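Each position in the sequence shown, counted from 1, maps to that position plus 133 in our numbering.
Notes for the one structure printed next.
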Amino acid sequence: MARLPTHSGGIGMSARRLVLWRHGRTSWNAQARFQGQEDIPLDEVGQDQVRRAAQTLAGLNPSHIIASDLGRAYATGQALADLVDLEVVPDPDLRETYSGVWQGMTKDEIMAAYPQDYTEWGGNSNLRPGGGETRLEVADRVIRGIERGLENVPAGGTLVVASHGGALRAGLGRLLALEPVQWSALGVLSNAQWSVLIELDDATPRHAGLSWRLQEYNAGSLPEPAIGDDK
134 MARLPTHSGG
144 IGMSARRLVL
154 WRHGRTSWNA
164 QARFQGQEDI
174 PLDEVGQDQV
184 RRAAQTLAGL
194 NPSHIIASDL
204 GRAYATGQAL
214 ADLVDLEVVP
224 DPDLRETYSG
234 VWQGMTKDEI
244 MAAYPQDYTE
254 WGGNSNLRPG
264 GGETRLEVAD
274 RVIRGIERGL
284 ENVPAGGTLV
294 VASHGGALRA
304 GLGRLLALEP
314 VQWSALGVLS
324 NAQWSVLIEL
334 DDATPRHAGL
344 SWRLQEYNAG
354 SLPEPAIGDD
364 K
């Protein structure tokens, strides 16, 4: 399988790559039912999704794979690990948002029972959905998990993180140094899709402490090397 170059858009070849990969579909996803930290497995569609996605992601020649310890995310990471002969390292800090009493409820049921909380949740990172975790708390632990994973990734290497939609969006917002109120501007990450970030090296101008550049979002294909006029 062809390997993608480890540099793009003026970023040095020593830069590390971070791939944030959402798990494949589950039966609860298909029912628009909140999963949170309930351990719902991939359904047949989800299993097929991650097998096909793994064949593409193998082209990035990953160095390490970490995953939420919930079965749907771990199985997603394992689909790639089987192709590239790597171990999946489970990390509970990569779990989805704990959503308390909302877990197991459909979107319509939540809107009917908790209309104000559901409406405010989109823009309020301090709100506890169903009495669970705030987005800020989720971002904190997801970043801890990613940082642990990066400790083992060499210059020019790629870390694949198999996790969950809400958790990855919170982590991505933090990695891009966005204000929490802006995180909702990032669209929902689809099942088995991924986002790719490139670490900024010492030769790349940094702003507001930014250490990562978003290269692809909600993607189903590999990023192409590009030369931009705006750096």
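All residues carry an ideal CB built from backbone N, CA and C; glycine is no exception.
Nothing here was measured: the structure is a model prediction, and the numbers come from that model.
Based on Cα-Cα distance, which residue from the options lies nearest to residue i?
i, options, result
"Leu304", "Glu229, Trp161, Thr159 and Leu190", "Residue identity check: residue 304 is Gly in the sequence provided, not Leu. Checked all of Glu229, Trp161, Thr159 and Leu190; the closest Cα to Gly304 is Glu229."
"Asp226", "Ala272, Ile331, Glu332 and Val178", "Ala272"
"Arg277", "Gly264, Ala288 and Ala300", "Ala300"
"Val286", "Glu357, Ser201, Ser232 and Val222", "Val222"
According to the Cβ coordinates, are residue i and residue j closer than 8 Å?
i, j, result
"Leu322", "Arg302", "yes"
"Gly298", "Arg166", "no"
"Val294", "Leu203", "no"
"Ala325", "Ala186", "yes"
"Leu213", "Leu190", "yes"
"Ser296", "Leu153", "yes"
"Val183", "Thr209", "yes"
Just grab the DSSP bridge partners of residue i for me.
i, result
"Ala163", "Partner(s): none; Ala163 has no beta bridge."
"Leu333", "Paired residue(s): none; Leu333 is not in a bridge."
"Glu223", "What sits at residue 223 in the sequence shown is Pro, not Glu. Ala200."
"Ser328", "Leu153"
"Trp316", "DSSP output for Trp316 lists no bridge partner at all."
"Arg346", "Ile331"
"Leu175", "Thr159"
Quick one: any contact between the region 156 to 176 and the region 310 to 320, if contact means 3 or more CB pairs under 8 Å?
The region 156 to 176, when compared against the region 310 to 320, does not touch it at the 8 Å Cβ threshold.
Pair every Cβ in the region 178 to 197 with every Cβ in the region 242 to 258, then say whether three or more of these pairs are closer than 8 Å.
Here the region 178 to 197 does not lie against the region 242 to 258, with fewer than 3 beta-carbon pairs under 8 Å apart.
Do the region 314 to 333 and the region 342 to 350 meet, that is, are 3 or more Cβ pairs less than 8 Å apart?
Using a C-beta cut-off of 8 Å, the region 314 to 333 makes contact with the region 342 to 350, since at least three inter-stretch Cβ pairs fall below that distance.
Would the region 146 to 164 count as touching the region 173 to 192 if we require 3 or more Cβ pairs under 8 Å?
Yes, the region 146 to 164 is in contact with the region 173 to 192.
Give, in chain order, every unbroken run of the beta strand (DSSP E) that is at least 3 residues long and sits entirely within the region 232 to 313.
Correct list: 291 to 296.
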